[in-house]
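Remarks on the structure that follows.
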Amino acid sequence: MHGGYMGLLLSCCFVLRNMWQLLTTGSLRLRSSWASYMTNSPTVIVLIGLPARGKTYISKKLTRYLNWIGVPTKVFNLGVYRREAVQSYKSYDFFRHDNKEAMKIRKQCAIVALQDVKSYLNEEGGQIAVFDATNTTRERRSLILSFVKESAYKVFFVESLCDDPEVIAASILDVKVSSPDYPERDRESVMEDFLKRIECYKVTYQPLDPDDHDKDLSFIQVINVGQRFLVNRVQDYIQSKIVYYLMNIHVQKHSIYLCRHGESQHNVQSCIGGDSELSSRGKQFSKALRGFLENQKIPDLKVWTSQLRRTIQTAEELGVPYEQWKILNEIDAGICEEMTYEKIKETYPDEYSLRDQDKYHYRYPGGESYQDLVQRLEPVIMELERQGNVLVICHQAVMRCLLAYFLDKSADDLPYLKCPLHVVLKLTPVAYGCKVDIFDLKVEAVNTHRDRPLVRRSITSTRLTVFVVFAKTGFTVITSKHLVACCFPSLGKCVFV
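At position 232 of the sequence shown the residue is numbered 239 (my numbering), and the sequence of numbers has no breaks.
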């Protein structure tokens with residue numbers, strides 16, 4: 008029984024130690040997201056596949072997603088190391104399996120890249136490294152397996168298989184024409200050389216064998232850009248999230264339109280949160296949005312809103328069906344709902360300052376943080392990846408979280424992304440990123456953006472004492488300038504942190 012109390016005691020101590028650090032220094036050490044602890048040891052994700060099979064596309068999207076949910080992840084692209092080692096690419100001959108000098112260079116590049124992976128995972132706080140290379144032979148994969156075993160890492164393979172000539176040709180033209188390997192070369196010569204490069208790899212390619220040689224490995228095979236999947240021996244939570252994500256993304260061309268609701272009455276009053284109706288200018292925006300969509304002529308457009316009145320009223324003017332998502336509701340400001348920032352500063356000065364200290368992790372009392380909001384919005388991201396053209400009519404904090412995912416913005420930058428009222432953003436996924444088109448619908452509105460503070464505000468409190476009583480056993484948590492102590496009178500114990 009005492010063990011339960013001691014566990015709770017230690018939890019309280021850690022919380023209070025962080026609080027005391029904040030009270031005395033005005034800041035907390037950089038904290039990782041809860042998602043950083045999804046895996047109990049670092050993981051190396053190893054891509055496999057012939058050239059032009061979308062490996063780098065998968066690597067970059069997966070890395071963006073994992074960083075967005077709070078798992079520190081970095082891509083190590085072997086092509087970058089090869090280009091540093093061999094300054095000028097001449098032709099596909101470099102990739103012939105009988106070119107011994109080139110094979111030696113390529114192996115050495117892999118070893119150097121793996122050492123950088125080790126530095127990232129052991130010394131730089133990384134949780135996941137994505138090794139983006141062809142890795143088409145068992146010999147190369149054996150080298151990687153020896154490396155991860157020696158370093159006590161987990162490994163998960165992602166193999167992209169594709170035999171659709173149209174998809175392969177499109178991949179070459181979309182990506183490889185602009186590759187550093189082919190400066191100032193015409194499309195025809197790029198296509199010819201690259202197809203010969205693929206043939207060089209085919210000679211020695213050994214796909215994963217789920218029935219025999221590789222049956223004990225953890226992996227997913229993505230077949231013809233997501234038409235089919237084969238999943239083998241998923242062993243932990245982070246691997247299951249990777250599989251789930253890869254089974255939701257697609258490469259069909261589509262666009263995502265993001266905008267906030269029309270200006271609301273609370274916007275005009277400078278109040279946050281709540282469920283107010285549109286202002287007169289907000290209603291004008293709704294009409295302007297309808298005209299914009301009619302001019303765009305977007306095929307098979309789906310419209311999503313939150314369950315708050317201001318987004319629903321904005322969508323109703325469009326004259327098209329729309330879906331309401333509760334998880335698209337604005338961030339919950341808890342005790343600060345429907346207050347102005349000036350009122351919050353006056354009523355809860357410490358809360359006001361704490362939020363400026365770390366806006367991403369700060370949670371309103373009784374409400375949410377941006378970190379909470381990212382977790383809440385993860386199903387929306389999955390659906391946006393699965394869908395075609397979608398218009399999301401949402402809220403400022405929600406739009407910031409969605410934008411941060413598509414534009415690969417850090418948690419530190421996310422809460423300060425500018426999402427003005429009465430502006431539509433068109434996001435179009437391209438080869439390795441996202442193209443953004445901005446449409447100002449020219450309807451005046453208030454500015455609700457707050458810039459990042461140049462100087463982090465200090466906390467006014469200097470002392471904290473907490474009393475908690477459990478059944479017959481009470482304990483007191485005491486803080487002062489020099490210590491944080493938790494005392495259990497009935498146990499005769501006092502723990503100092």
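Glycine included, C-beta positions come from ideal geometry on N, C-alpha and C.
{"Check": "Cβ of residue 400 within 8 Å of Cβ of residue 318?", "Outcome": "yes"}
{"Check": "Report yes or no: do the segment 417 to 424 and the segment 321 to 338 share at least 3 C-beta pairs separated by less than 8 Å?", "Outcome": "no"}
{"Check": "Considering only C-alpha positions, which residue in the set 138, 428 and 126 is nearest to residue 165?", "Outcome": "138"}
{"Check": "For residue 231, count neighbouring Cβ atoms within 10 angstroms of its own Cβ and tell me buried if that reaches 16, exposed if not.", "Outcome": "exposed"}
{"Check": "Among 198, 193 and 169, which residue has its Cα nearest to the Cα of residue 209?", "Outcome": "169"}
{"Check": "Pairs of beta-carbons, one from the segment 390 to 398 and one from the segment 296 to 316, closer than 8 Å: are there three or more?", "Outcome": "yes"}
{"Check": "What three-state label does DSSP hand residue 197 in the structure shown?", "Outcome": "helix"}
{"Check": "Tell me, to the nearest whole angstrom, how far the beta carbon of residue 255 is from that of residue 393; I am working on the premise that it is less than 8 Å.", "Outcome": "5 Å"}
{"Check": "Thinking C-alpha only, which one of 215, 351 and 123 is nearest residue 146?", "Outcome": "215"}
{"Check": "With residue 270 and residue 428 assumed to form a contact (beta carbons below 8 Å), what rounded beta-carbon distance in angstroms separates them?", "Outcome": "5 Å"}
{"Check": "By a C-beta neighbour count over all protein chains shown, 10 Å radius and 16 as the cutoff for buried, is residue 298 buried or exposed?", "Outcome": "exposed"}
{"Check": "Does the Cβ of residue 140 have 16 or more other Cβ atoms within 10 Å, making it buried, or fewer, making it exposed?", "Outcome": "buried"}
{"Check": "Note down the Cα distance separating residue 442 from residue 354, rounded to an integer number of angstroms.", "Outcome": "43 Å"}
{"Check": "Starting from residue 379, trace the alpha helix (DSSP H) in both directions and tell me its first and last residue.", "Outcome": "377 to 393"}
{"Check": "Apart from the five residues just before and just after residue 444, which ones in its own chain have a Cβ nearer than 6 Å to its Cβ?", "Outcome": "433"}
{"Check": "To which residues of the same chain is residue 247 closer than 8 Å at the C-beta, ignoring the five residues directly before and after it?", "Outcome": "241"}
{"Check": "Taking only the alpha-carbon atoms, compute the straight-line gap between residue 316 and residue 135 and give it to the nearest angstrom.", "Outcome": "41 Å"}
{"Check": "Looking at the strands, I want to know which residues DSSP matches up with residue 137.", "Outcome": "52 and 82"}
{"Check": "Please list, in chain order, all residues of the same chain as residue 60 whose beta carbon is under 6 Å from its beta carbon, the five residues on each side excluded.", "Outcome": "167 and 169"}
{"Check": "Decide if residue 373 is buried, meaning its Cβ has at least 16 other Cβ atoms within 10 Å, or exposed.", "Outcome": "exposed"}
{"Check": "Ignore the nearest five residues each way along the sequence and tell me which others in residue 314's own chain have a CB closer than 8 Å to its CB.", "Outcome": "331, 332, 333, 335 and 336"}
{"Check": "Name the residue from 391, 416, 53 and 451 whose alpha carbon lies nearest to the alpha carbon of residue 435.", "Outcome": "391"}
{"Check": "Just to confirm, is the Cβ distance from residue 150 to residue 116 under 8 Å?", "Outcome": "no"}
{"Check": "On the CB-based measure, 16 or more other CB atoms within 10 Å of its CB, does residue 236 come out buried or exposed?", "Outcome": "exposed"}
{"Check": "For a test of the three-state rule: what should DSSP assign to residue 143, helix, strand or coil?", "Outcome": "coil"}
{"Check": "Could you tell me whether the Cβ atoms of residue 93 and residue 118 are closer together than 8 Å?", "Outcome": "no"}
{"Check": "According to DSSP, simplified to helix, strand and coil, what is residue 98?", "Outcome": "coil"}
{"Check": "If we ignore side chains and look at the alpha-carbon of each, how far apart do residue 67 and residue 258 end up?", "Outcome": "13 Å"}
{"Check": "Less than 8 Å separating the beta-carbons of residue 292 and residue 448?", "Outcome": "yes"}
{"Check": "Do you know offhand how far residue 75's Cα is from residue 407's?", "Outcome": "12 Å"}
{"Check": "Using the rule of at least 16 other Cβ atoms within 10 Å of the residue's Cβ for burial, across every protein chain shown, is residue 221 buried or exposed?", "Outcome": "buried"}
{"Check": "So for residue 172, helix, strand or coil by DSSP?", "Outcome": "helix"}
{"Check": "Does the beta-carbon distance from residue 510 to residue 268 come in below 8 Å?", "Outcome": "Here the chain has residues from 8 to 504 only, and residue 510 is not among them."}
{"Check": "Quick check on residue 190: does DSSP put it in helix, strand or coil?", "Outcome": "coil"}
{"Check": "Which of helix, strand or coil does DSSP assign to residue 455?", "Outcome": "coil"}
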